[in-house]
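J.: Questions regarding the structure given below will be posed in turn.
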Amino acid sequence: MSDRRNQVRLAAASGPMSRPRCAPPPPYERTPVSDLSVNPSVPGLDPAASPEDWAADKADLIASLPPGLVPADIRQLPHLLDGATTRANADLIASLPPGIAPKEVGDLIRIADGANAQRKTMDIITDDGKFKVLTEDKDLSVDDIKSSAHPGAGGDGWLQVTTKDGDHYAIPEAKAPDAYAAAEHHYLDLASGNERIDEIREKAGLPARDKTDLYALETDIEHDGKPLKVEDAAMKLMIEDLRDRDLETDSKEAKLLRLLEADHAVTEGKDVIPVYEERLSGAGKATRTQHEGARKLEPVDMQDMLEGSKIRDGIRDLMQSDEIAKLHHEKLKEALDAVPGDGVKNVEKNLTELLEGTEYVKAISELPDTEMPRAYADIENAMSQLAVLDPKRAESASKTFANNALAVDFDATFADPSSIDADAAADAVDAGLGAISNGIDKAGLPFQLADKIEAFLKDAGIAGKQDFAKMAAELRGGDFVDHDTIDAAVDKSGIQGDRRESIRSLYHDLSSNGVLSAVTGAIGVVSTARQLAGGDLGETPEEKLATAGGLLSMIGSLPESTSLLRNLTKGIDGSTLKLLGVGDGAKDALDIKTRQGNMGVDAIGERVADTDIPDGPKVEHRDRILDQLNDAAKGGLDGQDATRAAKATFNTLVDYTGRVGGVLGAVTGGLGAHAALSSGDATDAEKASAVIGAISGTLGVVQPALSTASEFTTAAAAAGKTGASAGLSALRMISRVAGPLAIPLTIADLFANIFTSRAKSKAINREQYDWFNQLASDGVAKGDWAVKYDWVRTTLADFKDAKETVGNYWDLRNAKWGGRKSPEDVSIFEHRRSEFGEFKRRWEDKRQPTTYISYLDAGKHKEDMKRAKDAA
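Counting in the working numbering, the sequence shown runs from 35 upward without gaps.
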């Protein structure tokens, strides 16, 4: 018997991933430069290729070139772009082709950078071509997978697997969701992984997995005298409900029943009743239809008649329809009501403890990348189950967990300066030093300090500012930093040349004027916020500081902020909070002592606190989201501080990039900007809305279509609701944990369509034929199902009760006819291929003879049996 839980569809490519091509605009109309953008549709650029090859292979790019660049100039473009990526601006401008203005160089640079980044991303995802990208469907059992990397190992939204046959595949979730789900199930189902989750929970002082498994609770609902678990009972109740209804043949409910029966047939086999026609003696061409006892066709036989992958696709689509998902949710509630004692109540208590506390989010934040996805799946499963039990509580828990996850990600990024990119670091330096320079008069600090800051910011460039930020990370904290400490840090840093002395001198002045601790801490906080946001925090230094301070106020006001932000609270002085314009409520909650206070910092901090935080982008539901964020902030902040924190959080997260390996981004689906190809059908904007929706508790509003590829956001968006959306969330998680489209083995016989052998022979034949024919109408039967049906329903008979009036009666009797006469794991159509081939030839020549018995060839039958015996 095949393992019906392990059937899965994998898509395999015969070559490298085909990239979508840009559709050219109408003739003589060129795309304006302003419309060009870096996206995965732009083909990879290869400046090393010969000009002739490059021009021929990249014809689709010609249509997207800026006005004035004609195809004849393409031969120069590889060298132009190669120069652009190294920013050799002076020589580049001098070598521009005719018609290209210097202002258009930036757009060409972005096209080149985006295309080259795309190519590098695919090299990582495929491990330099070792893994083939899956794009075409084929059936493969989970048992055929030898090993699977952790999800995201090659890139967000990808999973790498190696089969037992030695094939290596990179599976894109967006293009091959069933294959990805199977590979993910293989990864999640490893016994060591489940044990590891229990170890993590135990270390965090949390209930074990079996104490939070709602669907594994035993109910009073029985099948064959045995009590069923919740998920099995819910399916049983739903199937029985549907079978009791008078369903229209083309209804979704009727089609689901048929496909479930078909799925059972291709995974467990199916009993077929042999039916044949025999001539009546002395009655010319008149016949009488006879039937015999049922014979079983094995799964391999049914897989030659029905399309297993199409059946599973159809079941998945139907189960996700509003009608079926709502019904399943109702039956799930009925099954829960049938759990005796306090089983459900205890699971709910344990789920709440898991999601609303801080211990688990802290524990999983410290896991290596290889173990993170199991923890994410565990959290998502818990969220889905709590949503079934108490939608309102789940809605609240999702918001609590998301905010705690944001705090943990913020703290981890702050503690790891190497995770902050050059642009974020430079932006933070501009903000921290720029605010000191702008407020020099009000702060009462020497104007020479402002002059030195402005000169540094003008001349340092990105690299110089990044070095300054690295030094800030070394020197920040609450202790006084003297010149000797600065010198030692600079000597250790490896910074060379004039930049080294410029940074040393500026840090000396910051220390001498008592603002070093405030500035270094502010650079750390701003760079962290900027890294998570993936974009600017404001226009002016004061806006940037205020936005970062507002975000810190939001997470700092959480009930467990001091334990969630333990790196930050140890890594900055209280003067940093003052410089960021953080209000008293968040200061008190963070409990960071001020040991390096300074009146100048206080004065500049007042300027920052008086600075309006930018309104941010105009997105749908903005006011609703801000109201919810404001309500969340009011848990620990008052009035204006809560409003500022809400705006700052919105502005930071609306373009959320997230921390690589972070908890919030991975759970909510927010990560994605790091690899454009991995975003799939969910755009970066949709992923950002998932993050901000989770933080604010507005997922049901901002993600009505549940388009983000995260089970956490699916469950959280469904929380607070009933019916289809909640049912869909539960179905997704049951499938994820039990296996793709897993039908419980405990009630497998419910899905077997039993043909009625007590009916008259002609009625039996009609019933069997109609079943296959309807599946053909559903699009899941193979093209030659009809001839295969006519053959098996005839050849499975032994004809012991047949009359001798059948022409080849004695040939069949002498061949000891009847039954499959094939190994269980070899299709009858393959094992008896000569006999079937002859039958098919005659069938195609004349579809409806007097009797199909005449098409059975005893000689071909013996030939098949001899071949099998010789091969044994």
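Beta carbons: idealized from backbone N, C-alpha and C, even for Gly.
The model shown is predicted, which means the values in this text are computed figures rather than measured ones.
#1: Take Ile659 as the anchor and find which of Gly617, Thr677, Val642 and Ile647 has the nearest alpha-carbon.
#2: Would you mind stating whether Ala217 and Ile179 have Cβ atoms separated by less than 8 Å?
#3: Under three-state DSSP, which class holds Leu663?
#4: Would Gly634 be called buried (16 or more neighbouring beta carbons within 10 Å of its own) or exposed?
#5: Looking at the strands, I want to know which residues DSSP matches up with Arg322.
#6: Does DSSP put Leu103 in a helix, in a strand, or in coil?
#7: Between the Cα of Ala187 and those of Met406, Val264, Glu236 and Ile273, spot the shortest distance and give me the residue it belongs to.
#8: Around the C-beta of Thr404, are 16 or more other C-beta atoms found within 10 angstroms, so that it is buried, or is it exposed?
#9: Would you call the CB atoms of Thr246 and Leu385 closer than 8 Å?
#10: If you reduce the DSSP assignment to three classes, tell me which class Pro261 lands in.
#11: Take Phe873 and list the residues in its own chain whose beta-carbon comes closer than 6 Å to its own, dropping the five residues that flank it on each side.
#12: With distances taken from CA atoms, which of Leu586, Thr581 and Gly696 is nearest Pro648?
#13: Is it true that the CB of Lys612 sits closer than 8 Å to the CB of Ala667?
#14: Can you give me the Cβ contacts of His895 inside the same chain, cut-off strictly under 6 Å, excluding the 5 residues immediately before and after it?
#15: Return the chain-ordered list of same chain residues with a C-beta closer than 8 Å to the C-beta of Arg827, the five sequence neighbours on each side being excluded.
#16: Is the beta carbon of Gly342 sitting closer than 8 Å to the one on Val378?
#17: Would you identify the three-state DSSP class for Trp908, choosing helix, strand or coil?
#18: Whether or not the segment 441-451 and the segment 390-404 are in contact is what I'm after, with contact meaning three or more pairs of Cβ atoms, one per stretch, closer than 8 Å; do they touch?
#19: Please classify Ile647: does DSSP put it in a helix, a strand, or coil?
#20: Got a sec? Which residues, its chain only, sit under 7 Å from Thr23 by beta carbon, not counting five neighbours each side?
#21: Using a Cβ-Cβ cutoff of less than 7 Å, which residues in the same chain neighbour Lys164 once the five nearest sequence positions on both sides are dropped?
#22: What are the boundary residues of the beta strand (DSSP E) that includes Val306?
#23: Quick one: measure Cβ to Cβ for Ala372 and Ala242, integer angstroms, because I've assumed they're closer than 8 Å.
#24: Going by beta-carbon coordinates alone, are Gly555 and Arg629 separated by less than 8 Å?
#25: What is the rounded straight-line gap between the Cα of Glu312 and the Cα of Thr323?
#26: Whose C-alpha, out of Val821, Gly893 and Lys903, is nearest the C-alpha of Gln882?
#27: Mind checking whether Ala462 and Ser561 have CB atoms under 8 Å apart?
#28: Check whether chain B comes within 8 Å of Leu401, counting only Cβ atoms and requiring the distance to be less than that.
#29: Let me know the alpha helix (DSSP H) ranges lying completely inside the segment 446-479, each 4 residues or longer, listed in chain order.
#30: Have a look at Gly528, Val642 and Met505 and flag the residue whose alpha-carbon is nearest the alpha-carbon of Gly572.
#31: Near Ala477, what residues of its chain come up, given a Cβ to Cβ distance below 7 Å and the 5 sequence neighbours on each side ignored?
#32: Run the CB neighbour count on Lys837, radius 10 Å, all protein chains shown included, and call it buried at 16 or more, exposed below.
#33: How would you label Phe481, buried or exposed, when you count the other beta carbons within 10 angstroms and need 16 or more for buried?
#34: Can you name, in chain order, every residue of its own chain whose Cβ lies under 6 Å from the Cβ of Gly631, other than the five neighbours on each side?
#35: Check the C-beta distance from Glu287 over to Glu357 and give it rounded, since I have them as a contact under 8 Å.
#36: Write down the C-beta distance between Ser597 and Ile589 rounded to the nearest angstrom, noting that I regard them as a contact closer than 8 Å.
T.: The structure says:
#1: Residue mapping note: residue 659 aligns to position 625 of the sequence shown, counting from 1. The residue among Gly617, Thr677, Val642 and Ile647 with its C-alpha nearest the C-alpha of Ile659 is Thr677.
#2: Start at 1 with the first residue of the sequence shown, and residue 217 comes out as number 183. Start at 1 with the first residue of the sequence shown, and residue 179 comes out as number 145. Cβ atoms of Ala217 and Ile179: closer than 8 Å.
#3: Sequence index remark: in the sequence shown, residue 663 carries index 629 (1-based). Correct three-state label for Leu663: helix.
#4: Within the sequence shown, the letter at position 600 stands for residue 634. Buried, because 16 or more other Cβ atoms sit within 10 Å of the Cβ of Gly634.
#5: Along the sequence shown, one-based indexing puts residue 322 at 288. As DSSP reads the structure, Arg322 sits in a beta bridge with Glu312.
#6: What you label residue 103 is simply residue 69 of the sequence shown in a count that begins at 1. Only weak support is given to the placement of Leu103: the predicted model assigns it a pLDDT of 43, under 50, and the value that follows is read from those uncertain coordinates. In the structure shown, the three-state DSSP call for Leu103 is coil.
#7: Within the sequence shown, the letter at position 153 stands for residue 187. Checked all of Met406, Val264, Glu236 and Ile273; the closest Cα to Ala187 is Met406.
#8: Within the sequence shown, numbered from 1, the residue matching residue 404 stands at position 370. Around the beta carbon of Thr404, fewer than 16 other beta carbons sit within 10 angstroms, so the residue counts as exposed.
#9: Start at 1 with the first residue of the sequence shown, and residue 246 comes out as number 212. Start at 1 with the first residue of the sequence shown, and residue 385 comes out as number 351. Yes; because the gap between Cβ atoms is below 8 Å, this pair is in contact.
#10: Taking the first residue of the sequence shown as 1, we reach residue 261 at position 227. Taken through DSSP and simplified to helix, strand or coil, Pro261 comes out as strand.
#11: Locating residue 873 in the sequence shown gives position 839, counting from the first residue. Within the same chain, Phe873 has close Cβ partners Trp825 and Tyr889.
#12: For this step, residue 648 is matched to residue 614 along the sequence shown. Between Pro648 and the set Leu586, Thr581 and Gly696, the nearest pair of CA atoms involves Thr581.
#13: One-based indexing of the sequence shown puts residue 667 at position 633. One-based indexing of the sequence shown puts residue 612 at position 578. Cβ atoms of Ala667 and Lys612: not closer than 8 Å.
#14: Translated into the one-based positions of the sequence shown, residue 895 becomes position 861. Close CB contacts of His895 within its chain, under the 6 Å cut and outside five residues either way in sequence, are with Ala849 and Glu869 (chain order).
#15: If you number the sequence shown from 1, residue 827 lands on position 793. Apart from the 5 residues on each side of it in sequence, Arg827 sits with its Cβ closer than 8 Å to the Cβ of Val306, Ile307, Pro308, Val309, Tyr310, Asn799 and Gln802 in its chain, given in chain order.
#16: For the purposes of this step, residue 342 is taken as residue 308 along the sequence shown, with counting starting at 1. For the purposes of this step, residue 378 is taken as residue 344 along the sequence shown, with counting starting at 1. With contacts defined as CB atoms closer than 8 Å, Gly342 and Val378 fail to qualify as a contacting pair.
#17: Outside the displayed range of the chain (35 to 906) lies residue 908, so it cannot be described from this structure.
#18: Yes: at least three Cβ pairs fall under 8 Å.
#19: The residue labelled residue 647 in the question sits at position 613 within the sequence shown. Coil.
#20: Lying outside 35 to 906, the shown extent of the chain, residue 23 is not represented and no answer is given.
#21: Residue mapping note: residue 164 aligns to position 130 of the sequence shown, counting from 1. Taking C-beta separations shorter than 7 Å and ignoring five residues to either side along the sequence, the partners of Lys164 in its chain run His202, following chain order.
#22: As a working note, residue 306 is residue 272 in the sequence shown. For Val306, the enclosing beta strand (DSSP E) has its first and last residue at Lys304 to Val306.
#23: To locate residue 372, count along the sequence shown from 1; it is residue 338. To locate residue 242, count along the sequence shown from 1; it is residue 208. Actually they are not in contact, since the Cβ atoms of Ala372 and Ala242 sit about 24 Å apart, beyond 8 Å.
#24: Stepping through the sequence shown from its first residue, residue 555 is reached at position 521. Stepping through the sequence shown from its first residue, residue 629 is reached at position 595. In this structure, Arg629 does not lie closer than 8 Å to Gly555 by Cβ.
#25: For the purposes of this step, residue 312 is taken as residue 278 along the sequence shown, with counting starting at 1. For the purposes of this step, residue 323 is taken as residue 289 along the sequence shown, with counting starting at 1. If I take the Cα positions, the gap works out to 6 Å.
#26: Reading the sequence shown from its first residue, position 848 is the one you call residue 882. Checking every option, the nearest Cα to that of Gln882 belongs to Val821.
#27: Position 428 of the sequence shown holds residue 462. Position 527 of the sequence shown holds residue 561. Cβ atoms of Ala462 and Ser561: closer than 8 Å.
#28: You won't find chain B in this structure, because it holds only one protein chain.
#29: Restricted to the segment 446-479, the alpha helix (DSSP H) segments that are unbroken, complete and at least 4 residues in length are 456-472 and 474-477, listed in chain order.
#30: Along the sequence shown, read from residue 1 onward, the residue named residue 572 stands at position 538. Of Gly528, Val642 and Met505, the smallest CA-CA separation from Gly572 is found for Val642.
#31: The residue you call residue 477 lines up with position 443 of the sequence shown. Listed in chain order, the non-local C-beta contacts of Ala477 below 7 Å within the same chain comprise Gly634, Ala637 and Ile638, local neighbours out to five positions each way being set aside.
#32: Taking the sequence shown and counting its residues from 1, one reaches residue 837 at position 803. So Lys837 ends up on the exposed side.
#33: Locating residue 481 in the sequence shown gives position 447, where the first residue counts as 1. Exposure of Phe481 is indicated by the presence of fewer than 16 other C-beta atoms within 10 angstroms of its C-beta.
#34: Position 597 of the sequence shown, counting from 1, holds the residue named residue 631. Within the same chain, Gly631 has close Cβ partners Ser609.
#35: As a first step, residue 287 must be located in the sequence shown, where it is residue number 253. As a first step, residue 357 must be located in the sequence shown, where it is residue number 323. Glu287 to Glu357, Cβ: 7 Å. Contact.
#36: For the purposes of this step, residue 597 is taken as the residue at position 563 of the sequence shown. For the purposes of this step, residue 589 is taken as the residue at position 555 of the sequence shown. Contact doesn't hold; Cβ gap of about 12 Å is too wide.
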